[in-house]
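Order-wise, the sequence lines are chains R and L. Residue numbers are given in my numbering: position 418 of the first sequence equals residue 423, and the series is strictly consecutive. Residue numbers are given in my numbering: position 308 of the second sequence equals residue 313, and the series is strictly consecutive. Cβ atoms here follow ideal geometry from the backbone N, Cα and C, with glycine treated the same way. Only a predicted model underlies this, so the values are computations on that prediction, with no experimental measurement involved.
There are 2 protein chains.
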Amino acid sequence: MESIMIYVPIFMAIIGLAFMSAKRAWVLKQDAGDGKMKEISDYIYEGALAFLKAEYRLLAFFVVGASIALAGISYVVPTTHILIVVAFIFGAFFSALAGNMGMKIATKTNVRTTQAARTSLPQALKVSFGGGTVMGLGVAGLAVLGLTGFFIILFHLFMGGIWTSTEDMTKVLETLAGFSLGAESIALFARVGGGIYTKAADVGADLVGKVEAGIPEDDPRNPATIADNVGDNVGDVAGMGADLFGSYVATVLAAMVLGNYVIKDMGGKIEDAFGGIGPILLPMAIAGFGILFSIIGTMLVKITDDNAKEAQVQKALNIGNWVSIALTAVACYFLVGKMLPETMKMTFFGEGLQDISSMRVFYASLIGLFVGGAISSVTEYYTGLGTKPVLAIVQKSSTGAGTNVIAGLATGMISTFPTVLLFAAAIWSTYALAGFYGVALAASAMMATTAMQLAIDAFGPISDNAGGIAEMSELPKEVRTRTDILDSVGNTTAATGKGFAIASAALTSLALFAAYVTFTGIDGINIFKAPVLAMLFVGGMIPVVFSALAMNSVGKAAMDMVYEVRRQFKEIPGIMEGTGKPEYGKCVEISTKAALREMMLPGILTIGFPIAIVILGKLVYGDNNQLIAEMLGGYMAGVTVSGVLWAVFQNNAGGAWDNAKKSFEAGVMINGEMTYKGSDAHKAAVTGDTVGDPFKDTSGPSMNILIKLTCLIGLVIAPILGGHVAGAEKTKGVNVEVITTDAPASKNTSREVVVSKTNVDGKVSATITTTMVENDGEPVTQTQTVEGTEAEVNKKLEELKKQ
Amino acid sequence: MESIMIYVPIFMAIIGLAFMSAKRAWVLKQDAGDGKMKEISDYIYEGALAFLKAEYRLLAFFVVGASIALAGISYVVPTTHILIVVAFIFGAFFSALAGNMGMKIATKTNVRTTQAARTSLPQALKVSFGGGTVMGLGVAGLAVLGLTGFFIILFHLFMGGIWTSTEDMTKVLETLAGFSLGAESIALFARVGGGIYTKAADVGADLVGKVEAGIPEDDPRNPATIADNVGDNVGDVAGMGADLFGSYVATVLAAMVLGNYVIKDMGGKIEDAFGGIGPILLPMAIAGFGILFSIIGTMLVKITDDNAKEAQVQKALNIGNWVSIALTAVACYFLVGKMLPETMKMTFFGEGLQDISSMRVFYASLIGLFVGGAISSVTEYYTGLGTKPVLAIVQKSSTGAGTNVIAGLATGMISTFPTVLLFAAAIWSTYALAGFYGVALAASAMMATTAMQLAIDAFGPISDNAGGIAEMSELPKEVRTRTDILDSVGNTTAATGKGFAIASAALTSLALFAAYVTFTGIDGINIFKAPVLAMLFVGGMIPVVFSALAMNSVGKAAMDMVYEVRRQFKEIPGIMEGTGKPEYGKCVEISTKAALREMMLPGILTIGFPIAIVILGKLVYGDNNQLIAEMLGGYMAGVTVSGVLWAVFQNNAGGAWDNAKKSFEAGVMINGEMTYKGSDAHKAAVTGDTVGDPFKDTSGPSMNILIKLTCLIGLVIAPILGGHVAGAEKTKGVNVEVITTDAPASKNTSREVVVSKTNVDGKVSATITTTMVENDGEPVTQTQTVEGTEAEVNKKLEELKKQ
């Protein structure tokens, strides 16, 4: 029997997309200003589109290449269906579509925000946040629509829309992993490429414009100024959107995989009102309701007072955010209660099958919501304006750039302490509550309000751009003051948003990691095996080298920009007097080309290493797939642990330097003296910020993608290494489990009990082999067989254990 | 029967110490100069002693506290003997003694080198390298004497000097671990405290002297100048010495533990010419012969030409180094061939017991020698004067401090790539050759020439100090030219020395890690268990936070120094005119106090976390020691992986910045123009070097100790969590192994074979349970039992497998 529930998330996604369309129409209906404003905004819009077009052209090649590779895999591996290629292409397409939509609306909203700021602050917030909402709902709506839609199609294709077996469902989910892989691949290039683009344009514009030519920032005479503004959209809007799109999809997918595993633990079949797939549908349902609550949340974000300050704007955002989170928590309570069996069975290492009440899954989801918020708060503490760590960096600026840099590095490094402890506590507690399904549900709950998070995130760069347009169009000062308030709040939300993105990426990777282990069918990943340990080291190194490559890429791309701007200053007559027109398009092109060229190497590193490890493993160990799977697992763990650390370190160090520099704008007290912009201390802080820029906008955020994509690639490779490849026929309903217990009978005897359990479509047979050794004598072996249903056999085994 | 071989290493150690004494007498007999030279050198000597005294006073408290804690452990855990406390105290004492000796000779040699440089370069090298030799042989001699001596005593006390069982030997080695723990604890404080001291004095002296007062470096009017010179000795000589002393002892110990495990795998007893403990004696023998070869190597280090340049001096050092390494390789061949059974049995995961020829252990030791050299070379490539990466940083200095800092960070980060790959390859290949015993032997071979390595290391700071004394005493220019040549070579050897120290620490930790697993008796460390994974994350975070604390400590300690120097400049009349005498002692005292105060928090972090994890685990899981042991193992792995990465990153970034700055002394070509000291690019490079200073001299080198000490603490805690506590009676010669094989018989049948092997003092019984499932039918189970010796049973199993 098929439940209507399976269609609910799609329905919610469509509501979300409908609401988005309405909002979009409303935003586009707003006055887009006139004259210079419109001209500049058009440049930015076209520049952004030009980047997207060039990027998509390149990505098309990648998608074709990767599709061929995937088709090859599906040909070789019997359990991998050719449809994975279709899923992959659609995943890539949906992600690109979401990015495209987001960029377009963001670049359309900025000028409208400027125009709205000419009337009032509440109106400016309404417009800019409206743009953010469109972005957020677009990403979330497309993600849920695509993933759920594909699931329904595959469920019908492979299983006829009714439950058959966990093995068939595994096949469905393995194919669905293609969708997630496609989305995350696009995210890699969007994040890395966008990150390089935005910083190359920024540095290039500053170095030649501000430093060499001595003209102010955002001056229209600077040929790179449009590229700089495009960069904000390319990096902060499209990059972040693709990142969260990927996390969102991957989290739900991983939770579904683990839900299937729960059903397996419960004997391969459950009876519920949802066609026996309640645990698999639950994460999708949470995602669907999350869209609804995000809509409600966004409707609450408003202010009425034109004289409002940052605090009120922040409060309005917070209210919307917390309401959507609270509603999600309530929904989780009901959804978990309704969709999961009241008592589930889950296998825990060393403890065997355990009864888990569904409420424990709810608690796990609460922990997910809490940790998302807590990690965001920690991020804000280490990077926010006026916080203790940032003020400490300000103080250290008085003794020069060297001490400023050291203080910023140390702040980023120390910030890993609470973040990692929170994260470790989340892993541990959610697992203790409900196994890896609990971990995945925690991640799902956290990601449920992605639409709201993205709306808050995207409104920042929109306001930033709006301010830039106001500056370039020489509008009255009060306009800039209003956009500055929004921009300032946007900086805070950007920092917390980065915290959220890391937390989500980390939990997502963990869930994927768990899904990987169940897909490959290995017992675990034993790092005491030397090849596995070696790969743990290699995995740990990858994020470090990736970050370095990304940082160097920014440097190289920036140099391309510098040469181009210099050329234009020299060759275009009258450019400095404002009579000659700079070729903005050339700079956009240069930045685009450089970003695309430079993102190749990190991309190859990310995608190539897992594949190289499998090939190497195959060469050395041949058919010992178990060991190769463990090696790849060790690599994935290394990337995740090191990636989370370097993400937190780089993002927070970068954020702290940025705000330490910004502190000088309002003036800071150093050694009893008020110090302002232009002072030596400020110059030192500027140096720190230069170091921090690629940290927080390029290499830091790329870590999220790196860890998720690594785990996803592992997941897609998993079937090749899976136990159910060699013994494909065997898995048909047969499940053998070996339990060894060591029960010393008395002081001079030792007893070794080996239980081998065979599960054939629910009929369980257990063989108990007992070896007794008395007083160093000969070992005596006894064998006993118990048969019946899972529950009966377990009961008998329990009785035997007591003997 | 006891073999004479057990006394050979002690004999070698005594030869080493005798040679050291002779060399020491020769060095002290050299002319120590006169007047101002002597005065300055006396100040340095006294300052160094003052630091040591204060440090030892503090450490005495620590040793007492730790001894009480250890006594508590030995009281609670039946297999831990109270003698561990004695071993601990002796380990601490020997390490402190070695450090003391090294510091004394280094501070005595520097002025004698200056004096020798007045006559000729060959003589200056002879004296400075003579001092280094004393240091190297002192450390190595005391390490081997202490460890081997204690082993013999414990072997006689616990086993009566003859082989009884692997369990008794485990007790011996567990107690011996106390010696290593004592040595490493002292190393922690010597490295961290020394690192903080040297940079605090350096920065303090520069900031007030050079920048504020405008007097040159090493100017005797600067009150902090003596503290600065003391710092070189405290950090580079004593810190490095204690570090390598610790690595040396820990490596040999870990190899011995794993040697005992080899004997266990071979049935708990072997027959050889060494009383049945050949595999345990081998690492000690290699260490002993290594001392001999180091002596030979040091005798080859000489030049004859007074007009020699850096290249010739470097060549002389290289010849000595390579000869000692080559001799060690040859010795390994004979020792391995003689001391190990021709064919050994070792358990490999998933492959069961395997026959391993002793030559494979020799190949593993060759890999160790190779990797030590290769990692040193990689370090030199990324940090050496005139190398591509360093020149790239120089180029980036032209666009300011920001780009210089980014380039330096990126260089350090990228340098982890070859280093980690080399290291991973070493783990993998040495394990494949001869299990974890192979890994430990590789480390032992690498560490065998520690005396030579230290001699080369210590000669650098001695020459540096000699140059400083020449400067302060206003000696003729040719003296400074000669010491500068030595100093320059010393900088290169310092970089490669750091590479060697990291490589040794990493391999040592790995060997300790393996020893830990065997001590606790767990099957492995499964990071798919959520609590274990959580601890992997926590462990990964510790090196990052530790580094940040160390860096901040330098900042705080430097500020103390700044205030003191400012005070003296203000309060002492005539100090700037050279008529008033600065209070050097006060500065030494300030630096000492600050260093000791600031090393507390990182120390507590290092020692406290493993203990906290065990306590937390006990609270949550009660008696599930297996899980707690795995959690601690996960933590250790996290610290090691992350620690190696951060060590390489920080050391190499720091080294690269340093030499990028130094490049400006001879002038560098930037954008087609020769650029020198004092240019803007040079100022940017100085900023980079300021950031790099705590990286390479404080936090980076501390990582070595952090990872080794973490693994050692784990090793000492291991018996508490060990399987042989709860089931102590059972392990008496009984060894049960469960092997599961999955052999699909045909397309429609599946076969599951579970083999349970019981080994009672060499008599093996295997039970084979076969479960067949045909066409989804009922499972059919068959049981067979095979008995006999290990070899017979294995043969029968092989035959059965073919069916």
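Check, Outcome
"Any chain L beta carbon closer than 9 Å to GLY240 of chain R", "no"
"Chain-ordered neighbours of ILE532 of chain R on chain L, where CB pairs are closer than 7 Å", "ILE530, ILE532, ALA642"
"Endpoints, beta strand (DSSP E) assigned at GLY357 of chain L", "357 to 362"
"Sheet register partners of PHE353 of chain R (DSSP bridge)", "R:GLY357"
"4-residue-minimum alpha helix (DSSP H) runs that sit fully inside the segment 386 to 410 of chain L, ordered along the chain", "393 to 401"
"Cutoff 6 Å; reference GLY137 of chain R; Cβ partners in own chain excluding five residues on either side", "ALA460, ALA463, PHE464"
"Residues bridged to GLU172 of chain R (per DSSP)", "None, per the DSSP bridge assignment."
"Segment contact, 8 Å Cβ cut-off, at least three pairs: the segment 236 to 255 of chain R with the segment 143 to 154 of chain R", "yes"
"Contact belief for ASN657 of chain L with THR416 of chain L at Cβ below 8 Å, rounded distance in angstroms", "7 Å"
"Alpha helix (DSSP H) runs contained entirely in the segment 436 to 494 of chain R, provided each spans 4 or more residues", "455 to 477"
"Where GLU582 of chain L falls: helix, strand or coil (DSSP)", "coil"
"Test item: CB-CB of TRP662 of chain L and ILE330 of chain L under 9 Å", "no"
"Length of the line joining the Cα atoms of VAL739 of chain R and LEU438 of chain R", "Note that VAL739 of chain R scores a pLDDT of 38, beneath 50, so its modelled location is shaky and nothing firm can be said."
"Segment limits, beta strand (DSSP E) that includes ILE675 of chain L", "673 to 675"
"Option in R:GLY40, R:SER362, R:GLU582, R:ILE324 with minimal Cα separation from GLN458 of chain R", "R:ILE324"
"Cβ-based contacts, 7 Å cut-off: residues of the segment 551 to 574 of chain R near chain B", "Reference to chain B is not applicable here, since the protein chains of this structure are R and L."
"Local Cβ density within 10 Å of PRO706 of chain R, reported as buried at 16 or more and exposed below that", "buried"
"Residues, ordered as in the chain, of the segment 442 to 463 of chain L that lie near chain R by beta-carbon distance below 8 Å", "VAL444"
"Exposed unless 16 or more other CB atoms sit within 10 angstroms - verdict on VAL341 of chain L", "buried"
"Beta-carbon separation (whole angstroms), GLY135 of chain R vs THR114 of chain R, contact threshold 8 Å", "7 Å"
"CB contact below 9 Å: VAL328 of chain R versus chain L", "no"
"With 16 other Cβ atoms within 10 Å as the buried cut-off, status of LYS350 of chain L", "buried"
"Rounded Cβ spacing between SER402 of chain L and ALA686 of chain L (contact assumed at less than 8 Å)", "4 Å"
"Closer than 9 Å to chain R by CB, ALA661 of chain L", "no"
"For MET679 of chain R, the first and last residue of its enclosing beta strand (DSSP E)", "678 to 680"
"Rounded distance between the beta-carbons of ALA555 of chain R and GLY200 of chain R, thought under 8 Å", "7 Å"
"Under 8 Å by beta carbon: chain L residues contacting SER26 of chain R", "In chain order: nothing, as chain L lies at least about 42 Å away."
"Local conformation of ASN664 of chain R per DSSP, three classes", "helix"
"Nearest residue (CA-CA) to THR180 of chain L, options L:THR203, L:GLY246, L:VAL91", "L:VAL91"
"Cut-off 7 Å between Cβ atoms - residues of its own chain near GLU315 of chain L, not counting five sequence neighbours on either side", "ILE490, SER493, VAL494"
"For VAL791 of chain R, three-class secondary structure by DSSP", "strand"
"Same chain, Cβ closer than 6 Å to LEU41 of chain R, neighbours up to 5 away in sequence not counted", "In the sequence as displayed, the identity of residue 41 of chain R is Lys instead of Leu. The residues are SER478."
"Under 8 Å from the C-beta of VAL619 of chain R: neighbouring residues of chain L", "Per Cβ cutoff of 8 Å: no residues; VAL619 of chain R is ~15 Å from chain L at best."
"Close beta carbons around GLU594 of chain R, own chain, < 6 Å, minus the five adjacent residues each side", "none"
"Beta-carbon contacts of MET98 of chain L that lie in its chain and below 8 Å, excluding the five residues immediately before and after", "The amino acid occupying residue 98 of chain L in the given sequence is Phe; Met does not appear at that position. If we look at PHE98 of chain L and ignore the five residues flanking it on each side, its Cβ neighbours are GLY187."
"Contact set between ILE432 of chain L and chain R, taken where Cβ atoms lie within less than 9 Å", "ALA535, PRO536, LEU538, ALA539, PHE542"
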